[in-house]
Amino acid sequence: MDWSKLDICVGSVLGHHKLTRDLYVIHRNQKTYMMFHKGYERWLAVPNNEFEKNITKNLNFSACVKLEGTYERILSYQTYQWMGNNEGIFFRKSSSDPWTQRIKWKELL
């Protein structure tokens with residue numbers, strides 16, 4: 755699994771497209787929808803009407819977890835686990851493994 759820092763323009767991850775597997779996010783301004791273009795390797799703006807009409811119905815929201823306050827949220831997929839809290843995002847391969855921090859929120863500011 756390859757991890758990299760999340761672009762600072764990303765305000766919130768919305769989900770993956772069910773068919774294309776493209777990742778969709780909303781900008782930090784909370785007004786602009788964006789998708790990550792694999793060919794250009796960058797975020798591209800998506801018109802609001804295009805997003806609302808054609809993309810929303812095809813997003814997979816099942817892996818999205820809302821992080822609020824200091825509460826820890828854990829998402830499991832097979833044996834893999836991800837945890838998010840007010841410090842960042844953590845990962846472990848199984849419940850017996852220690853948590854490894856992958857993203858620190860303060861580094862993104």
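Everything in the sequence shown is counted per our numbering, starting at 755 for the first residue and increasing by one. The C-beta atom is built at its ideal place from N, Cα and C for all residues, glycine as well. Just so it is clear, the structure is predicted and the values come from calculations on it, not from any experiment.
Checking the DSSP bridge columns, you'll see Ser830 partnered with Gln835. In this structure, DSSP gives Asn840 a state outside helix and strand, which the three-state scheme calls coil.
Each residue's CA atom was taken as its position, placing Asp761 and Arg796 some 9 Å apart.
Short of 6 Å from the beta carbon of Tyr825, and not among the five residues preceding or following it, lies no beta carbon of its own chain. For Tyr831, the closest alpha carbon among the candidates Glu841, Leu821 and Arg846 is that of Arg846. A check of alpha carbon separations from Leu768 across Ser850, Ser849, Asn812 and Gly842 identifies Asn812 as the nearest.
The criterion of a C-beta distance shorter than 7 Å is not satisfied by Gly842 and Lys820. Burial check for Phe815: the Cβ neighbour count within 10 Å stays below 16, so the residue is exposed.
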